[in-house]
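Note that numbering that gives the first Met the number 0 has the sequence shown beginning at 0, numbered continuously upward.
Don't be surprised by glycine CBs; every beta carbon is placed ideally from N, CA and C.
Some notes on the structure that comes next.
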Amino acid sequence: MNVLVLAGGWSRERDISIKSGFAVFNALNKKKYNMKFFDPASDISSLIRESVGIDIVFNLLHGRLGEDGSIQGLLNILRVPYVGSDVLASAVALHKGISKDIYRAAGLLVPRAVRLARGVEWSYEGISAELGLPVVVKPASEGSSIGISICTDKDALSRGIAGAFECERDIIIEEFIEGREITCCVMGNDVQETLPLIEIIPQNGNFFDYKAKYTPGATIERCPAELDEPLAGKASSCGARAHRALGCSVWSRTDMIVKGDCIYVLETNTIPGMTENSLFPLAARAAGMSFPGLLDSLIGLSLEKHINPPDRLSSKTRQGAFTYPL
0 MNVLVLAGGW
10 SRERDISIKS
20 GFAVFNALNK
30 KKYNMKFFDP
40 ASDISSLIRE
50 SVGIDIVFNL
60 LHGRLGEDGS
70 IQGLLNILRV
80 PYVGSDVLAS
90 AVALHKGISK
100 DIYRAAGLLV
110 PRAVRLARGV
120 EWSYEGISAE
130 LGLPVVVKPA
140 SEGSSIGISI
150 CTDKDALSRG
160 IAGAFECERD
170 IIIEEFIEGR
180 EITCCVMGND
190 VQETLPLIEI
200 IPQNGNFFDY
210 KAKYTPGATI
220 ERCPAELDEP
230 LAGKASSCGA
240 RAHRALGCSV
250 WSRTDMIVKG
260 DCIYVLETNT
270 IPGMTENSLF
280 PLAARAAGMS
290 FPGLLDSLIG
300 LSLEKHINPP
310 DRLSSKTRQG
320 AFTYPL
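What follows is the structure, encoded as structure tokens:
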């Protein structure tokens, strides 16, 4: 099977994407797959040429233009199957404001929040009255905790909003929920399997920022999370419900906060990180799955979604068999 690993791209998460891409490229079973590595930032038009003869694309482009449905739409046009969610699910999952509305409609608990566009007036008094303090300020469509800050007073809020607007013109201001941060990794299309929950304990106190996420030793990642069985079951159910509500397929990772017996859903990642420090491979290992085995499963789920009948077709016979999942 011919596999094209896509990594790099144009977003602020480019460096992490490249690390994820090389980790996957090196771990794929060389006896099963012929592999190519491609960074579309070099020349996106070359993707058309690079995709010729490819059976599946393993997309690891984090953030905007890679995780927002853009590259998925191009691959649909090229009739090349790819790992991960489709255009619509990718777009709505990446936008924290839209995904929050969908979670709420699905009966999931989410932190109170306001959306703010660049150039729109705001007041400290209005935000603090509606959400309390502290608040979390974040760009609407960035991942890897980029541009996120916890603000406890007026000056910090001004700096946080200005910093978030440097990343994007649409931002989210969210009530700060003090509790235990967990994440739920989900695999599946029509039927979902949840992997063991992970509790995330940053060593800098209470904020899982970019440095804590990608610096070895900066965070304790406890897997399985030490939750009592009913609460763990509830959290796993929330992860699967978020996956379904957004229309995700193949894989996703949903971040949540546990406060007492309440579980607040924060966001869902449709292209989780796959570096040596990443959470999805950690959860898979806890479930008894090797990294190469995990990659095989993700490719299998993706082919199941894209190709009918579900067994793999060669690139020569794929024309007319490719479907456009909704």
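C-beta atoms of residue i and residue j nearer than 8 Å
i	j	result
Ser251	Asn268	yes
Glu180	Ile256	yes
Ala139	Ile101	no
Leu194	Ala283	yes
Cys222	Leu281	yes
Ile172	Ala112	yes
Where residue i falls: helix, strand or coil (DSSP)
i	result
Gln71	helix
Ala22	helix
Asp189	coil
Tyr209	Below a pLDDT of 50, predicted positions are generally treated as unreliable, and Tyr209, at 49, falls in that range; no measurement from the model is reported.
Lys258	strand
Leu5	strand
Nonlocal neighbours in the same chain, by C-beta distance under 7 Å from residue i, ignoring five residues either side
i	result
Gly10	It is worth fixing the name first, because residue 10 is Ser in this sequence and not Gly. So the list reads His61, Gly62, Arg63, Leu64 and Gly65, once near-sequence residues are dropped.
Val23	Val4, Phe57, Leu59, Met273 and Leu294
Gly131	Glu174
Ile47	Leu77
Tyr263	Leu108, Val109, Pro110, Ile176, Met255 and Ile256
Ala105	Arg240 and Ala244
Exposure of residue i, with buried meaning 16 or more beta-carbon neighbours within 10 Å
i	result
Asp54	buried
Cys261	exposed
Ile76	exposed
Gln202	exposed
Ile70	buried
Gly118	exposed
Val135	buried
Ile219	exposed
Gly232	exposed
Ser45	exposed
Contact set for residue i: own chain, Cβ-Cβ below 6 Å, skip 5 residues either direction
i	result
Gly68	Val86, Ser89 and Ala90
Val79	Ser50, Ile53 and Val56
Cys184	Leu194, Arg252, Phe279 and Ala282
His305	Pro80
Candidates the options, of which the one nearest residue i by Cα
i	options	result
Met186	Arg13, Val82, Phe37 and Asp14	Val82
Ala26	Ala285, Glu275, Gly299 and Leu302	Glu275
Cys166	Tyr102, Arg284, Ser148 and Gly292	Ser148
Gly259	Ala244, Leu278, Pro229 and Ala282	Pro229
Pro39	Lys30, Lys31 and Ile17	Ile17
Tyr123	Arg158, Asp100, Ala105 and Leu278	Arg158
Leu226	Glu192, Gly246, Leu196 and Pro138	Leu196
Val190	Trp121, Gly246, Ser127 and Ala128	Gly246
Ile43	Glu303, Lys35 and Leu73	Leu73
Ser41	Ala6, Lys95 and Ile126	Ala6
Lys153	Pro133, Phe36, Leu297 and Lys137	Pro133
Ala224	Ile200, Ser236, His242 and Cys237	Ile200
heavy atom of the ligand SAM below 7 Å from residue i C-beta
i	result
Lys233	Ligands are entirely absent from the displayed structure, and the ligand SAM is therefore not among its contents.
8 Å CB neighbourhood of residue i in its chain, flanking five on each side removed
i	result
Asp14	none
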